[in-house]
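In terms of the numbering used here, the sequence shown opens at residue 28 and continues consecutively.
In this text, a Cβ means the ideal position worked out from N, Cα and C, and glycines have one as well.
Computed from a predicted model, the values in this text were never measured in an experiment.
First the structure, in the form of structure tokens, and then the observations on it.
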Amino acid sequence: MDLDLEGTVVLVTGGTRGVGAGISRVFLEAGATVVACARRPGDEPVTAAGRTAHYLPCDVRDEEAVRGLVDEIVAKFGRLDTVVNNAGGTPFRLAADATPSYHAKITELNMLAPLLVSQEANRVMQQQEAGGSIVNVSSVSGRRPSPGSAAYGAAKAGLDSLVSSLAVEWAPKVRINSIVVGMVETEQSHLHYGDDEGIAAVGATIPVGRLARPEEIGNCALFLASPLASYVTGAALVAHGGGERPAFLSAANVDQGASV
């Protein structure tokens, strides 16, 4: 089913690269006006279906910058229908070696910044007849051990908790949901998984046999933002290709076909 979002305005934070660019392209293909914000522009404009996303610079951790971003979008396009809080991430660092200020920055980017953007979007959406939809890009790191990125996993768990609370506070005008994302292949996958052989080996540990494509995460965001999800709020859509094969299955020396 093709979803037509022509006439709607969508903000994608971190929407110029990686998963964010994939999300931006999916909404462009659905006919939406897309504003992609990031601290810096991408190497090239984000385009799809003969259309181009508008780029606006913004540090989503900065309260004044976020308010200015939302106000500029409304002034230019007259409305704001959907926000996809995608900006986030973390380098690898063991918790014992990280400073308190490092942990604070990771938490700020991955939990407090989406909350800030959501607050500003809600301010506008509550005044619109059709309300609006907010989609937070979360992570499986918030649902399983996340060694080397403990603060990130904790922040994503907090983000999912925020979704369930804000869905109650902001209903019925604003729906808010999250996508619990697994491993995605982007232009920076080699930094996490190594060369092509390493990426393929990691993909083989996932039941569907590969990492996700950015557009597949975009399709999930499109669904949650669309009228098809009009009764969905406070929910977490898991997009992880079936998760990860339990380690004990590889270690066990009994019949793998037996029930346990």
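- Per DSSP, reduced to three states, the secondary structure at residue 208 is strand.
- Approximately 4 Å separates the beta-carbon atoms of residue 45 and residue 213; this is inside 8 Å, confirming the contact.
- At a Cβ-Cβ threshold of 8 Å, residue 251 and residue 144 do not count as neighbours.
- Contact check between the stretch 45–56 and the stretch 244–262: three or more CB pairs, one atom from each, fall below 8 Å, which counts as touching.
- For a cut-off of 8 Å, the C-beta gap from residue 160 to residue 109 is around 5 Å, short enough to register as a contact.
- Under the rule that a run must span 3 or more residues, the beta strand (DSSP E) segments found entirely inside the stretch 95–171 read 109–112 and 159–166.
- Bridge pairing for residue 64: 40 and 83 [DSSP].
- For residue 264, the pairing in a beta bridge is given by DSSP as 206.
- In this structure, the beta-carbon distance from residue 122 to residue 177 falls below 8 Å.
- DSSP places residue 235 outside both helix and strand once states are collapsed to three, so it counts as coil.
- Collapsing the DSSP output to three states places residue 78 in a strand.
- Only buried fits residue 147, as 16 or more other CB atoms lie within 10 angstroms of its CB.
- Scanning 84, 63, 107 and 65 for the CA closest to the CA of residue 34 turns up 107.
- Annotation for residue 138: 182, 185 and 186 place their beta carbon closer than 6 Å to its own, counting only its chain and skipping 5 residues before and after.
- The residues 220, in chain order, have a CB closer than 6 Å to that of residue 229 in the same chain once the five nearest residues on each side in sequence are set aside.
- Taking residue 142 as reference, the option from 36, 194 and 173 with the minimal CA-CA separation is 194.
- A Cβ-Cβ separation of about 19 Å leaves residue 66 out of contact with residue 98 under the 8 Å criterion.
- For residue 241, the enclosing alpha helix (DSSP H) covers residues 241–252.
- For residue 253, the CB contacts under 6 Å within the same chain, skipping 5 residues up- and downstream, are 30 in chain order.
- Cα atoms of residue 149 and residue 96: separation of roughly 14 Å, rounded to the nearest angstrom.
- Of the other Cβ atoms in all chains shown, 16 or more fall within 10 Å of the Cβ of residue 204; this residue is therefore buried.
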